[in-house]
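These notes are about the structure you will find just below.
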Amino acid sequence: MAKAMEVHEMAALKAGQKPPNQNGDVPNSNDRGNNHALKEKTKVKVTNNPPNLSAVLTNGGPEALAWGIVIVIFGAMAQSASLAEMASMQPIAGAQYHWTNYLAPQRQRKFITWMQGWVTWFAWISLLCGVANTTATMLQGLASVNYPEYEAKRWHITLIIFAMLIVEALMNMYTFWLIPWIELMAGVLHICLLVIFLVVFATLAPRHTAEFVFLRTQSLSGWNNTFASWNIGLLTPTWGFVGFDGAVHMSEETRRARQAVPRSMFYTVVVNGVLAYGIVICILFTMGSIEAAQSSSFPIIEICQQATGSVKAATAMIDRRHNVPIRAVWLPVFVVMCLSCLNIANTAAFGAFVALGSIGLFVSYFLAIGCMVHNRFRSDAAPLGDWNMGKLGLPVNIFALIYTAWVTVWLAFPSYLPVTGENMNYAAPIFGASTLFALVYWFIKGRTRWPGLNEEVVRLVVEEGELRLK
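Numbering (this note's numbering), first residue to last: 793 to 1262.
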């Protein structure tokens, strides 16, 4: 939907008209440094591993996190390298949606593209839900620790989410020019605070043994099958490595996108993988009492409090008028606000969106990479871009498909047994319902009335972007 304004502007350019801004250019707010900081901050969420420790401490224990994150890092590298090849072929904000249309078999192209569009849109809505819920829950946890008399309620989290979403939407409407600088500052803070976090833990916290970190397994969720419990615990490190495709959605505002976007996307995963492994191992060695962390509603806050011995120390640190797509800004806000109301009735229902965002994005990756593999075997295969893996491309693509399919299956499993309405993993039913809606809508309207992507407009978007942003 954010593409709507840009597509109309490209069509206007083709007709010889000027787009909304006075210079005749699509607004461009990101230079190379800001774009890289954006990806450092948001596309691979290293610091999302600590806040989401509950799942892995319950399923798999320290061993599942210490070894599971290695699997996730290599899987994410294969995914990002595969998507980076496609980004080099066609750097466009629609990303998976456009790549699927570009690479899918001719006969099935329209249908696969339709499904990809719905899956990707719903995945990013779900991801926004997960991020908002995690942030709001952490804020409530900090309030509970610092103010013992505070009585936490579910609806408090919902109101915190409302406040965050409204502020973010208003910033996109009225201070969009500030956002790249905020992203740059956040990227710098991301690295600096990570170093501070590691130093504090390494110097102040008690130590566990290597045996505890790398060999201690446990399942407190009712799963007697260690293999199943271990794989369910992968949700924690996986959540920290989804959304790296967000870099591609900024490609039309990035200079030399065919080279810069794929490199930045892949190497951001590599760098953040190293940082993520470091912070995870540091936490496992210095986490103090695992029983206290498990009993806490927010384990990382309890771990910080144990390390510092102090509560305070543990918590101190495109509308023509606005030149942004207003409906694309406020629609996700409205949808997430509606979904956040699920917190009031059932925390598990809204918490499922954490897994749902991963499932949705993984399915979108699977569709796009699957089309890429198909393209490699075509006699008239689309040419690779400047950034490609050469002969390693096919093996890496296949490994990415296997990893993506494997993790997607486990993300749908319930975290606790026996399953009740309170602890059920609603991710699979919700994703199934959204997919079913897209499928039914395809047969009702899409198959006959949706013309598919306008290839000429796509070509203009890519070519004009390259010319203007060199």
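Every residue gets a Cβ at the ideal spot worked out from N, C-alpha and C, and that includes glycine.
Keep in mind that this is a model prediction, so the values were computed, not measured.
Query - Three-state secondary structure assigned by DSSP to Ser1081 - result: coil
Report task. Could you check the C-alpha separation between Leu962 and Met1216 for me, to the nearest Å? Result -> 35 Å
**Report entry** As assigned by DSSP and simplified to three states, the class of Thr1013
**Finding:** With the sequence shown as reference, residue 1013 is identified as Ser, and Thr is not the correct amino acid for it. Residue state, collapsed to three classes: coil.
Report task. Compute the Euclidean distance between the alpha carbons of Arg1008 and Met965, then round it to the nearest angstrom. Result -> Roughly 49 Å separates the two Cα atoms.
Report task. Could you pull the start and end residues of the alpha helix (DSSP H) that Pro972 belongs to? Result -> Ile971 to Leu996
**Report entry** Alpha carbon of Glu960 to alpha carbon of Pro1124, nearest angstrom
**Finding:** 11 Å
**Report entry** Integer-rounded CB distance, given that Phe1077 should sit under 8 Å from Val1155
**Finding:** Their Cβ separation, rounded to whole angstroms, is 36 Å, which puts Val1155 and Phe1077 out of contact at 8 Å.
Query - Asn1246, DSSP secondary structure in three states - result: coil
Query raised in the report: So what does DSSP say about Asn1217, is it helix, strand or coil?
Result: coil
Query raised in the report: Do Ala873 and Trp1179 come within 7 Å of each other at the CB atom, strictly closer than that value?
Result: no
Query raised in the report: If you draw a straight line from the C-alpha of Trp1230 to the C-alpha of Ala1160, how long is it?
Result: The amino acid at residue 1230 is misidentified as Trp; the sequence shows Ala. Each residue's CA atom was taken as its position, placing Ala1230 and Ala1160 some 18 Å apart.
Report task. Report all residues from its chain with a CB closer than 6 Å to the CB of Leu1012; omit the five preceding and five following residues, and keep chain order. Result -> Exclusion of the five residues before and after Leu1012 leaves Thr850 as the residues of its chain whose Cβ lies within less than 6 Å of its Cβ.
Requested in this report: Check the C-beta distance from Ala924 over to His1041 and give it rounded, since I have them as a contact under 8 Å.
Outcome: At roughly 18 Å, the Cβ-Cβ gap does not stay under 8 Å, so Ala924 and His1041 are not in contact.
Requested in this report: Check whether the Cβ atoms of Ser918 and Gly1224 lie closer than 7 Å to each other.
Outcome: no
Report task. Measure the C-alpha to C-alpha separation of Met1057 and Gly1025 and round it to an integer number of angstroms. Result -> 26 Å
Query raised in the report: Just curious, the alpha helix (DSSP H) that Val1211 is in, first and last residue?
Result: From DSSP, Val1211 is part of no alpha helix (DSSP H); its letter is neither H nor E.
Query raised in the report: Roughly how many angstroms separate the alpha carbons of Val1165 and Ala1173, rounded to a whole number?
Result: 10 Å
Report task. Measure from the alpha carbon of Val1034 to the alpha carbon of each residue in Gln900, Cys1133 and Phe1158, then state which is nearest. Result -> Phe1158
Report task. Give the single residue among His948, Gly1238 and Ile1093 whose Cα lies nearest to the Cα of Trp906. Result -> Gly1238
**Report entry** Ala944, buried or exposed, once every other Cβ within 10 Å from all chains shown has been counted against 16
**Finding:** exposed
**Report entry** Whole-angstrom distance between Val862 and Ser1087, CA atom to CA atom
**Finding:** 27 Å
Query - DSSP state of Asn1180 mapped onto helix, strand, coil - result: coil
Query raised in the report: Are the Cβ atoms of Arg1168 and Leu1186 separated by less than 7 Å?
Result: yes
Query raised in the report: At what residues does the alpha helix (DSSP H) containing Pro1029 begin and finish?
Result: Leu1027 to Trp1031
Query raised in the report: What are the uninterrupted segments assigned as alpha helix (DSSP H) that are 4 or more residues long and contained completely in the stretch 1035 to 1101, given in chain order?
Result: 1049 to 1078, 1082 to 1087 and 1091 to 1100, all fully within the stretch 1035 to 1101.
Query - Segment contact, 8 Å Cβ cut-off, at least three pairs: the stretch 1063 to 1074 with the stretch 886 to 895 - result: no
Query - C-beta atoms of Ile1151 and Gly933 nearer than 7 Å - result: no
Query raised in the report: Which residue's Cα is closest to the Cα of Ala994: Ala1099, Ala1147 and Cys1130?
Result: Ala1099
Query raised in the report: In its own chain, which residues sit with a C-beta less than 7 Å from the C-beta of Tyr889, not counting the 5 before and 5 after it?
Result: Thr905, Gln908, Gly909 and Thr912
Query raised in the report: Tell me which same chain residues have a C-beta within less than 8 Å of the C-beta of Gly1162, skipping the five on either side of it?
Result: Leu1193
**Report entry** Bridge-paired residues (DSSP) for Asn851
**Finding:** Ser1011
**Report entry** Run of the alpha helix (DSSP H) containing Ser918, from where it starts to where it stops
**Finding:** Ser918 -> alpha helix (DSSP H) spans Arg901 to Asn938.
Report task. Look at the alpha carbon of Tyr1069 and the alpha carbon of Thr1030, and state the distance between them as a whole number of angstroms. Result -> 12 Å
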